[in-house]
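Take the sequence shown: its position 169, counted from the start at 1, is 1083 in my numbering, and no numbers get skipped. Cβ atoms here follow ideal geometry from the backbone N, Cα and C, with glycine treated the same way. Computed from a prediction, not measured in an experiment: that's the story for all the values here.
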Amino acid sequence: MLKKTTLLFGIILFAYKCFAQFGAPTGISVSPGYRVPIYFPTNYSVKYNFEVKFLNGTLDTVYSGFNILGKKDSIKLYLHSKKDSIFPNETEYIKRLNVRYRDYKSISGFPYKDNSWVFPIDSGKISWYKKDPDPRWTHIDYLEKDSGLQEFKNPLLYEMLSDNQESIKIFNRRKNYYIIGSCLMATAISFIPIAIVNEDDYFFLAPISAPLLYLGYAIFGNGKKRKFVAIRNYNKVK
């Protein structure tokens, strides 16, 4: 029983590691695949090298993470340099240096509502932005089409895509991916107690639980990415 439980624990741990590559809830990036919620009650985030251009035109380079000031309803982000704290309303832009991701060598962000920076990830007829300087397609924080930035919501994106049926079809397919992925994950998880209790089924169910769990989450993650594909398709249409 101990050996079986240990092996199945290893399967769950392996699956957990697989989940990490698809990211987690939105917020401040702390390491590849993991994220701290934007209202996390500490001042911790991963540190980057930033070029900072102030409103008076001067430039500085700082090595800092995003620090959090205030509570949920009045949150404000700032960078910390050797000289002083740097707040969004004091800057023209900040630029993360040495990105080294695909074609990105740097990624710039500009102040938004004087309490944070936003970073454009993809531009076109529909542009989308993130609160953190991470160019990976993990999530969307803001959308822009015709008028100013709007906080991302699925119905809002659907409305923006509504004049292009092909993009709408791509966007709607995500629901099927969610359903299939969820079913596969639920099936894989249900195998675990059965394998522990029934010795005859153990050697059959244990080896397939982790791959099935991984496949289910991969399909589920693909569903999450359909919104990015839909936007790219929309932006390609002339």
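Run through the DSSP bridge pairs and tell me what residue i is partnered with.
i, result
"asparagine 1147", "According to DSSP, which records beta bridges pairwise, asparagine 1147 is partnered with nothing at all."
"leucine 1057", "Trp1042, Gln1064"
"asparagine 856", "The structure shown does not extend to residue 856, since the chain is modelled only from 915 through 1152, so no value can be given for it."
For residue i, which three-state DSSP category applies?
i, result
"lysine 996", "coil"
"glycine 1062", "coil"
"serine 1030", "strand"
"lysine 961", "coil"
"proline 1049", "coil"
Rounding to the nearest angstrom, what Cα-Cα distance links residue i and residue j in this structure?
i, j, result
"valine 1013", "isoleucine 1021", "7 angstroms"
"serine 1037", "isoleucine 1133", "27 angstroms"
"asparagine 1086", "leucine 1070", "13 angstroms"
"aspartate 964", "threonine 1101", "In the sequence as presented, aspartate is not what sits at residue 964; that position holds phenylalanine. If I take the Cα positions, the gap works out to 45 angstroms."
"glutamate 1006", "lysine 967", "6 angstroms"
"glycine 1130", "tyrosine 977", "39 angstroms"
"aspartate 1060", "alanine 1124", "45 angstroms"
"aspartate 1048", "tyrosine 1026", "17 angstroms"
"glutamine 1064", "tyrosine 1072", "13 angstroms"
"serine 1076", "aspartate 998", "47 angstroms"
Any chance the CB of residue i is under 8 angstroms from a heavy atom of the ligand HEM?
i, result
"threonine 972", "By its list of ligands, the structure shown contains no ligand whatsoever, and the ligand HEM lies outside what it can speak to."
Do residue i and residue j have their C-beta atoms closer together than 9 angstroms?
i, j, result
"leucine 991", "asparagine 1003", "no"
"aspartate 1028", "lysine 1044", "no"
"aspartate 1017", "isoleucine 1000", "no"
"alanine 1144", "isoleucine 1094", "no"
"asparagine 1136", "tyrosine 1091", "yes"
"glycine 979", "leucine 993", "yes"
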